[in-house]
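Here's the structure, in structure tokens; my notes come after.
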Amino acid sequence: MKYMLLIYAASDQQPSCTVADWIAYEKEMRGAGVLVSGHSLADLVTATTVQVGPDGRRTVTDGPFAETREVLGGYNIIDVPDLDAALEWAAKCPGSRDGGAVVVRPIAEFDF
Amino acid sequence: MNVEQVFREERGRLLATLVKRFGDLDLAEEVASDAIEAALRHWPVDGVPDRPGAWLLTTARRKAVDRLRRDQVHAARLALLQVEVSRADAPVTGSLPDERLELFFTCAHPALPAEDRGALILRCLAGFTTPEVARAYLVPVATMQQRIVRAKKKIREARIPFRVPDPDELPERLPGVLQAVYSIFTEGYAAQRVDLADEAIRLARILRDLLPAEREVAGLLALMLLVHARRDARDELLEDQDRTLWDSDMITEGSALAELALTGGHGPYGVQAAINALHDEAPDFASTDWPQIVALYDVLLRLTPSPVIALNRAAAIAMRDGAAAGLALLDELADEPKLRDYHPYRAARADLLHRLGRPAEAAQAYREAIALAGTSSEQDFLRRRLTAVEERS
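So the sequences go chain by chain: Z and D. Quick note: the first sequence uses this note's numbering, first residue 4, plus one each step. Quick note: the second sequence uses this note's numbering, first residue 682, plus one each step.
Shown next, in the form of structure tokens:
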């Protein structure tokens, strides 16, 4: 079963984890054979939002910016047997510390 | 044993085994109901079988396989189907497994909303129907239906597993299960439902059988027994209760369990049980072992710091060192946000002011408590105290 781990950083707190911690985390996930894909996202100031209205007109806006305290900074998709295993990997994520949070979302599966 | 008692005993166990086998709570619930319906038709005619549990499991398994044959999409998701088809016709032999512990941990999983965990346990392990669960939590049936459907959807779609946590995870996960069972008990008390409190005790007994080495399970069972022992006298404050109404068998059992719970370590349920054991064993209120109770509250406050426990500790200090000492501690707690609207805090202050011969202030504190009390029986009780103070002043 696949889960997406959405990694949120607290915008008002400096994380204490290092690049080495993230590399070790990714290595551990790869070693366990659970990592499907994962990326960190570029700084929030680079974000752009697109919406298409009912008339087909496209609106492009700069942002969104951090009105909220928590900013999505990256994600991992993992393939593990159940939620407990997914929560275990979420807890190991360096992003779950220092006021950050990891939201675990199961990937929907459809029968076609 | 009549048919209904058999079902009460067997339903949780049957459901747990089916969930474990098919990994699907909805399917397990449906076929458990099917099997029980079949039993209701057959047993009154043919008599209750020697091994009712095995009969129910065999029947439920056949029903599950029938359903899965009809619903191929569903079946495709359950890898176990082929195994089950080949086994479905074989009668269940040997001793029946007890997989209820797995179900307890699923129902009380931390990924589920705290307020739904007790409801799921009542439904899956106590055999309550949804309307019965709704009545237990004083919410409309439709609301409870929605909550249960949502919780089951999460169990299924997020794949919350049916498993007993490993020993190293247990300290983190067991308190959630105990809290859910205790919430059923306290809900029973708040709503004056003796049957709910009995049910919580029954569930704790099952847990105790399944986890005999866990002292906090013994502590929880002890605590509930020692509180429930006073049920027939509970309309009065502890100090005014007729102690001959207390259930001495429950006190004996609860005290022994409390001792066990505090052997070689301690947790919050064991300590609370010990406090209640001291109350239950005292011949009267005044000769209660207050120094020991204060010492236990000190331990409890370190384990689970909370203003409500600090309030209870202050009341015990008032008994040990006098009302003035207790009142000084209560006044230190005056700014606690959790106690501001908590009527027992006002009532405790009123009581101590009364004992200190300050009737006007006592009456005022009782009026504040009455305004904050949630139920009419609590208000009535406080009004009687107020009247007593006013008469004496």
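The C-beta atom is built at its ideal place from N, Cα and C for all residues, glycine as well. These numbers were taken from a predicted model, which means no experiment stands behind them.
Exposure label - residue i; buried when at least 16 CB within 10 Å
i	result
Glu1013 of chain D	exposed
Pro949 of chain D	buried
Val1070 of chain D	buried
Asp936 of chain D	Before going further, note that residue 936 of chain D is Ser rather than Asp in the sequence given. Flag for Ser936 of chain D reads buried.
His42 of chain Z	exposed
Thr739 of chain D	buried
Gly640 of chain D	Nothing can be reported for residue 640 of chain D: it is not among the residues displayed for chain D, which extend from 682 to 1074.
Asp797 of chain D	buried
Gln953 of chain D	buried
Val48 of chain Z	exposed
Glu1094 of chain D	In this structure chain D extends from 682 to 1074, so residue 1094 of chain D is not present and cannot be described.
Phe68 of chain Z	exposed
Pro812 of chain D	exposed
Ala23 of chain Z	exposed
Gly808 of chain D	buried
Gly56 of chain Z	exposed
Val898 of chain D	buried
Ala995 of chain D	buried
Lys834 of chain D	exposed
Residues that residue i bridges to, as DSSP identifies them
i	result
Glu73 of chain Z	Z:Ala13
Asn79 of chain Z	Z:Leu8 and Z:Gly41
Asp65 of chain Z	Z:Thr51
Pro972 of chain D	Answer by DSSP bridge pairing: none, since Pro972 of chain D is not bridged.
Arg108 of chain Z	Z:Met7
Chain D contact residues for residue i, given Cβ-Cβ distances below 9 Å
i	result
Arg7 of chain Z	For clarity, residue 7 of chain Z is Met in the given sequence; the question names Arg instead. Per Cβ cutoff of 9 Å: no residues; Met7 of chain Z is ~12 Å from chain D at best.
Under 9 Å from the C-beta of residue i: neighbouring residues of chain Z
i	result
Ile841 of chain D	Asp85, Leu86 and Asp87
Ala789 of chain D	Ordered by position in chain Z, no residue passes the 9 Å Cβ test against Ala789 of chain D, which lies about 13 Å from the chain.
Ala861 of chain D	Within 9 Å Cβ-Cβ: nothing; Ala861 of chain D doesn't reach chain Z, min ~17 Å.
Ala823 of chain D	None at all; the shortest Cβ gap to chain Z is about 27 Å.
Within chain D, the residues that residue i reaches when beta carbons sit closer than 8 Å
i	result
Pro109 of chain Z	Glu838, Ala839 and Arg840
Met32 of chain Z	Within chain D, no residue comes near Met32 of chain Z; the closest Cβ sits about 19 Å away, beyond 8 Å.
Chain Z residues whose Cβ lies nearer than 8 Å to that of residue i
i	result
Ala996 of chain D	Within 8 Å Cβ-Cβ: nothing; Ala996 of chain D doesn't reach chain Z, min ~38 Å.
Ala795 of chain D	Simply none; closest approach about 16 Å.
Ala697 of chain D	Neighbours of Ala697 of chain D on chain Z: none; closest Cβ ~17 Å, over 8 Å.
Ala1009 of chain D	Neighbours of Ala1009 of chain D on chain Z: none; closest Cβ ~38 Å, over 8 Å.
Ala871 of chain D	Chain Z residues near Ala871 of chain D: none, gap ~32 Å exceeds 8 Å.
Interface partners of residue i on chain Z, CB under 7 Å
i	result
Ala832 of chain D	The premise fails here: Ala832 of chain D is roughly 13 Å from chain Z at the closest Cβ pair, so nothing lies under 7 Å.
Ala709 of chain D	In chain order: nothing, as chain Z lies at least about 17 Å away.
Near the ligand COA: residue i beta-carbon under 7 Å from a heavy atom
i	result
Gln1045 of chain D	Absence of the ligand COA from the depicted structure is noted, as is the absence of any ligand whatsoever, leaving it without description.
is_contact[residue i, chain A] using C-beta, thresh 8 Å
i	result
Ala939 of chain D	Although the question refers to chain A, the structure presented lacks it and instead comprises the protein chains Z and D.
> Below 8 Å, can you find three or more Cβ-Cβ pairs linking the segment 698-707 of chain D to the segment 731-747 of chain D?
Replying inline: yes
> What runs of the alpha helix (DSSP H), each 4 residues or longer, lie entirely inside the segment 811-843 of chain D?
Replying inline: 811-817 and 822-838
> Pairing CB atoms from the segment 940-956 of chain D with CB atoms from the segment 977-990 of chain D, are three or more of them under 8 Å?
Replying inline: yes
>> Pairs of beta-carbons, one from the segment 837-847 of chain D and one from the segment 856-865 of chain D, closer than 8 Å: are there three or more?
In response: no
>> If contact is defined by three or more beta carbon pairs under 8 Å, each pair taking one atom from either stretch, is the segment 992-1004 of chain D in contact with the segment 964-983 of chain D?
In response: yes
>> Which complete alpha helix (DSSP H) runs does the segment 896-942 of chain D hold, if anything under 4 residues is left out?
In response: 896-909 and 929-942
> So, do the segment 9-23 of chain Z and the segment 55-73 of chain Z have three or more beta carbon pairs nearer to each other than 8 Å?
Replying inline: yes
>> Three or more C-beta pairs under 8 Å: does that hold for the segment 28-39 of chain Z against the segment 78-95 of chain Z?
In response: yes
> Would you say the segment 812-820 of chain D touches the segment 922-933 of chain D, given that touching needs at least three Cβ pairs under 8 Å?
Replying inline: no
>> Taking 8 Å as the cut-off, does the segment 905-916 of chain D touch the segment 877-893 of chain D (at least 3 CB pairs, one atom from each stretch)?
In response: yes
> Pairing CB atoms from the segment 689-700 of chain D with CB atoms from the segment 26-34 of chain Z, are three or more of them under 8 Å?
Replying inline: no
> Which runs of the beta strand (DSSP E) spanning at least 3 residues fall entirely within the segment 691-737 of chain D, listed in chain order?
Replying inline: none
>> Which complete alpha helix (DSSP H) runs does the segment 1000-1028 of chain D hold, if anything under 4 residues is left out?
In response: 1004-1013 and 1018-1021
>> Taking contact to mean 3 or more Cβ pairs, one atom from each stretch, closer than 8 Å, check whether the segment 787-803 of chain D and the segment 828-844 of chain D are in contact.
In response: yes
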